[in-house]
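Note that the numbering used here has the sequence shown beginning at 120, numbered continuously upward.
C-beta: ideal position from N, C-alpha, C; glycine also.
A quick write-up on the structure given underneath.
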Amino acid sequence: MLSAQDETNGLPLTGGDFPVAAADTPILTVDLERLFQQTVFGQAVVEDYNAERRALAAENREIAEALRTEELDLAERRPDMDPAVFREEAQAFDEKAQGIRRAQDSKEAAIEDDLARAQEEFVQVVQPVLGEILVDRGASVILHQQSVLLSLDRIDVTDEAIARVDEEIGDGAGLRQQ
């Protein structure tokens with residue numbers, strides 16, 4: 120172990136002795152976004168997410184149509200209504216529509232939160248596979264490619280990770296929270 124002073128040409132650093140990695144310490148990189156997008160597991164998560172989005176969009180269309188019908192009915196009855204009664208019904212309709220909008224926005228936010236949680240869960244589930252690759256390659260670290268400024272393609276293990284995750288985890292159905 121070299122001291123901080125040895126590594127700084129005799130200038131002392133605070134913090135005392137620390138380990139210094141050798142220049143030939145193998146470093147690997149992985150593209151987590153591509154790993155997520157191209158594994159069967161990640162694709163299953165995205166498929167579930169898209170299904171939820173489509174279902175919500177269909178629900179929103181049905182609600183919008185029902186609200187349009189209700190609004191047209193109110194507009195047709197307006198000429199025969201007392202102005203005060205119309206204002207009350209119009210106000211009630213507006214409050215109902217705003218409440219529905221808030222509820223639908225909450226559902227959309229929940230779907231987005233579910234996706235974010237699933238992506239975090241994915242990273243946790245694939246860590247043992249990445250650990251196996253780390254050991255198999257005799258590496259000391261796997262870095263996320265987004266945090267690397269410049270590297271050689273040969274240290275990228277994303278394709279290998281995709282193959283291993285697909286083989287060892289598959290679609291992750293038993294591991295994913297629904």
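Using only the alpha-carbon positions, how far apart do residue i and residue j sit?
| i | j | result |
| --- | --- | --- |
| alanine 292 | leucine 193 | 48 Å |
| glutamine 238 | valine 204 | 51 Å |
| aspartate 167 | serine 270 | 35 Å |
| threonine 277 | valine 149 | 5 Å |
| alanine 258 | glutamine 156 | 25 Å |
| arginine 273 | alanine 222 | 49 Å |
| asparagine 179 | methionine 200 | 30 Å |
| proline 202 | lysine 215 | 20 Å |
| leucine 191 | valine 165 | 38 Å |
| alanine 228 | arginine 236 | 12 Å |
| aspartate 275 | arginine 173 | 35 Å |
| glutamate 181 | proline 198 | 28 Å |
Can you name the start and end residues of the beta strand (DSSP E) that residue i belongs to?
| i | result |
| --- | --- |
| isoleucine 146 | 146-149 |
Looking at residue i: is its Cβ nearer than 8 Å to the Cβ of residue j?
| i | j | result |
| --- | --- | --- |
| leucine 96 | histidine 263 | Given a span of 120 to 297 for the chain in the structure shown, any question on residue 96 remains unanswerable. |
| phenylalanine 160 | glycine 289 | yes |
| valine 260 | glutamate 287 | no |
| leucine 147 | arginine 256 | yes |
| valine 245 | leucine 154 | yes |
| aspartate 285 | threonine 158 | yes |
| isoleucine 230 | glutamate 171 | yes |
| alanine 280 | isoleucine 252 | yes |
Shorter than 8 Å from the beta carbon of residue i to some beta carbon of chain D?
| i | result |
| --- | --- |
| glutamine 265 | Looking for chain D here will not work: only one protein chain is present. |
Between which two residues does the alpha helix (DSSP H) containing residue i stretch?
| i | result |
| --- | --- |
| aspartate 278 | 277-287 |
| alanine 185 | 159-196 |
Should residue i be listed as close to the ligand GTP, given that the test is whether its C-beta is under 7 Å from any heavy atom?
| i | result |
| --- | --- |
| alanine 177 | The ligand GTP is not part of the structure shown, which contains no ligands of any sort. |
Problem - Any beta strand (DSSP E) of 3 or more consecutive residues that is wholly inside the segment 200-270 - result: 260-263
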